[in-house]
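**Student:** Under UniProt numbering, the first residue of the sequence shown is numbered 1, with each subsequent residue one higher.
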Amino acid sequence: MRCMNLTFIFVFSITLMTINCQAAEPEQVHLATTGIPGEMVVQWGTEEDTALSCSSESIVEYGTENDKLNLSKIGNNNMYLWTTCTHTAILSDLIQNTTYYYRVGGEGEWSGTYSFKTLEESPAKVIIGAIADHGTSNNAQETTNHMENEDMDLVIHAGDISYANGAGSGNGIGDQSVWDEYQNQIEDVASRTPHMYAPGNHEEDAEPYGFDAYESRFFNPGPNSFWYSFDFEFIHFISISAEHDYEPGSSQYSWLLNDLEDANENRENVPWIVIFAHRPMYSSNGDGDGHGSDIEFREAMEILLYDFQVDLAVWGHDHHYERTYPVFEENVYSNKSGSASDPFYKPGATIHIVAGMSGRSIYDGLEDPQPLWSAHREVEYGYTIFEATKTTINYKFIRNSDNQVGDEFWIINSINVQIPNEYPSTNYNQTNQTEETGIISQIKELNYLEIPMTIIIIALTAIFNLNYRKK
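1) Could you check what DSSP says for Glu-380 in three-state terms: helix, strand or coil?
2) Is it right to say Ala-124 is buried, meaning 16 or more other beta carbons lie within 10 angstroms of its own, or is it exposed?
3) According to the neighbour-count rule (16 or more other Cβ atoms, all chains shown, within 10 Å of its Cβ), is Lys-68 buried or exposed?
4) Let's see if you can read the secondary structure: which residues bound the alpha helix (DSSP H) around residue 532?
5) Taking the Cβ atom as the reference point for each residue, do Arg-217 and Gln-43 lie within a distance shorter than 9 Å?
6) Measure from the alpha carbon of Ser-72 to the alpha carbon of each residue in Asp-188, Asn-66 and Glu-61, then state which is nearest.
7) Along the chain, where does the alpha helix (DSSP H) containing Leu-31 start, and where does it finish?
8) If we ignore side chains and look at the alpha-carbon of each, how far apart do Glu-445 and Leu-304 end up?
9) So, are the CB atoms of Ala-263 and His-236 less than 9 Å apart?
10) Assuming Thr-34 contacts Ile-90 (C-beta within less than 8 Å), just tell me the rounded distance between them.
11) The beta strand (DSSP E) spanning Asn-97 covers which residue range?
12) Applying the 10 Å Cβ sphere with the 16-neighbour rule, what's the burial state of Asn-403?
13) Contact between the region 136 to 155 and the region 248 to 263: three or more CB pairs below 8 Å?
14) By how many angstroms is the C-alpha of Pro-271 removed from the C-alpha of Glu-261?
15) Counting C-beta neighbours from all protein chains within 10 Å, is the total for residue 474 16 or more, i.e. buried, or is it exposed?
16) Less than 9 Å between the C-beta atoms of Gly-382 and Arg-360, yes or no?
17) Pick from Glu-148, Phe-211 and His-195: whose alpha carbon is nearest that of Gln-176?
18) Can you tell me whether Leu-81 is buried or exposed? The criterion is at least 16 other CB atoms within 10 Å of its CB, across all chains shown.
19) Can you tell me whether Asn-270 is helix, strand or coil according to DSSP?
20) Provide the residue(s) that pair with Phe-237 in DSSP beta bridges, ordered along the chain.
21) Quick one: measure Cβ to Cβ for Met-301 and Ser-239, integer angstroms, because I've assumed they're closer than 8 Å.
22) In the structure shown, what three-state DSSP assignment does Tyr-282 receive?
23) Using CA atoms only, rank isn't needed, just tell me which of Ser-284, Tyr-306 and Leu-312 is closest to Glu-329.
24) Under the DSSP definition of a beta bridge, which residues are partnered with Phe-409?
25) With a threshold of 8 Å on Cβ separation, who are the neighbours of Tyr-100 within its own chain once the five nearest residues in sequence on each side are excluded?
26) What residue from His-291, Ile-419 and Thr-193 has the CA that sits closest to Asn-149's CA?
27) Taking the straight line between their C-alpha atoms, what separation do you get for Ala-167 and Asn-76?
28) When we look at the beta-carbon of Ile-128 and count the other beta-carbons within 10 Å, is it buried (16 or more) or exposed?
29) Measuring alpha carbon to alpha carbon, tell me which residue in Val-155, Thr-350 and Ala-24 is nearest Ser-53.
30) Short check: CB of Ile-351 to CB of Thr-391, under 9 Å?
31) Going by C-alpha to C-alpha distance, which of Gly-365, Gln-309 and Gln-28 sits closest to Asn-285?
32) Using three-state DSSP, classify Val-417 as helix, strand or coil.
33) Let me check understanding here. Comparing Cα to Cα, which of Pro-199, Val-379 and Ala-355 lies closest to Ala-313?
34) Straight-line CA distance for Ile-362 to Ala-340?
35) Let me know if Pro-343 comes out buried or exposed under the rule of 16 or more other beta-carbons within 10 Å of its beta-carbon.
36) Pick from Ala-388, Pro-369, Asn-66 and Gly-316: whose alpha carbon is nearest that of residue 473?
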């Protein structure tokens, strides 16, 4: 609540009189997920008079009709050393495949009405947006505008969110109001599609803030804000942090190991594993110090991605788009094209995406020659989006400049998958995409089918003898 105080000075006394109180206007409305079907996290901000003193109410009114918000949920709030108070309410027992309308605030000041749609009970597919290094520039706004036209079920953000930190400010503290600007800028998308965030280097301010803004403003479904996981239909998402200790023996490393063990045991129900974090394990963009592949991060954690066959890893930090082949320790496990007619089938290693082209700026310092593990790269603004079913992932990079698909690939986990004959064509030149041939490649492909090596050798020997007789 905001109270206007007027002081009247008389000859013999000073009187402080409260004239009226006005509730703070709700803004920065955004959603998050708990990973539990039938729940939705609603968050918003109010600008208070002083830091660490939040007096605005934390209420969500909602319902299945725009003019009948007959349900309500009282949430909680938190603040850090800034005047924005973040309110959080978790809605539960939501009906699946249903549009809900809602408003936030409290007595005296309510927001406008927003809406979101819950997932079906057993959806055929889910659509996920994936970005990083966003910010508040005109290019960032263009990315948001394009994403607003997409029918997404979830957005993951691989860090460097608003760029409110003190880098380049001279005092290291930065301008916390940039967080407010950013969250208002993305409200049209974030108020109807849940967003989940990983911390980047630009989320860390100098003292006294540190990571306070990140921890205060965003919901994460776990006891630790910096690494957490959740299931979203067919996908187990894992958010980790390259800004904290990740070496073997650290709490983060131990947590990730345990989480991947559990996720791998649940593959029958949740077949895909996707990791997102900020600093890339693989990047061929060396524009400036501290960019390109983060070798220390990769050497510490890549073995876990390989051992537990993580399907996708989404990174930011380098401001371009790049996709690798399935790769481990810089060794390419399949150089298929990944097209609908030549998809990656259980490729044996993780495909890495750098999605740092979402708005802040772009880096054009690409390495020459292009590394063998790099399948496609572009220095263009845009966003990435992928459609997942229980047996397929179809991943795309969309350029802002022409709203065209710049890159696209498929991963399948079953040999019985039927990929649609009609799919968007791409206007780009592929590199390093020759079909695997030869005996060694055939052994790899058969090995991915989990066929015993003895049978593989017998089969290939028979094929060799048959080909020899034909000659």
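Built from N, CA and C at the ideal position, the CB exists for glycine as well.
**Tutor:** Straight from the coordinates:
1) coil
2) With fewer than 16 Cβ atoms within 10 Å of its Cβ, Ala-124 is classed as exposed.
3) exposed
4) Residue 532 lies beyond the range of the chain shown here (1 to 471); nothing can be said about it.
5) Pairing Arg-217 with Gln-43 gives a Cβ-Cβ distance under 9 Å.
6) Glu-61
7) Segment 27 to 32 is the beta strand (DSSP E) holding Leu-31; no alpha helix (DSSP H) there.
8) Residue confidence for Glu-445 is low, a pLDDT of 43 falling below 50, so the modelled location carries little weight and cannot support an answer.
9) yes
10) 7 Å
11) Careful: Asn-97 lies outside any beta strand (DSSP E) and carries neither H nor E.
12) exposed
13) no
14) Roughly 13 Å between the two C-alpha positions.
15) The structure shown does not extend to residue 474, since the chain is modelled only from 1 through 471, so no value can be given for it.
16) no
17) Of Glu-148, Phe-211 and His-195, the residue nearest in Cα terms is Phe-211.
18) Leu-81 comes out exposed.
19) Checking the sequence shown, residue 270 turns out to be Val, not Asn. Reduced to three states, the DSSP call for Val-270 is coil.
20) Partner(s): Phe-230 and Val-274.
21) That pair is no contact at about 13 Å.
22) coil
23) Tyr-306
24) For Phe-409, the beta-bridge partners assigned by DSSP are Tyr-395.
25) The residues are Met-40, Tyr-62, Gly-63, Thr-64, Leu-91, Leu-94, Ser-115, Phe-116, Lys-117 and Thr-118.
26) Thr-193
27) In this prediction, Ala-167 scores a pLDDT of 47, lower than 50, which makes its location untrustworthy; no coordinate-derived value is stated.
28) buried
29) From the listed residues Val-155, Thr-350 and Ala-24, the smallest Cα separation to Ser-53 is found for Ala-24.
30) Contact: no.
31) Gly-365
32) coil
33) Of the candidates Pro-199, Val-379 and Ala-355, the one whose C-alpha sits nearest the C-alpha of Ala-313 is Ala-355.
34) 30 Å
35) With 16 or more other Cβ atoms from the protein chains shown falling within 10 Å of its own Cβ, Pro-343 counts as buried.
36) Residue 473 lies beyond the residue range present for the chain, which begins at 1 and ends at 471; the question has no answer from this structure.
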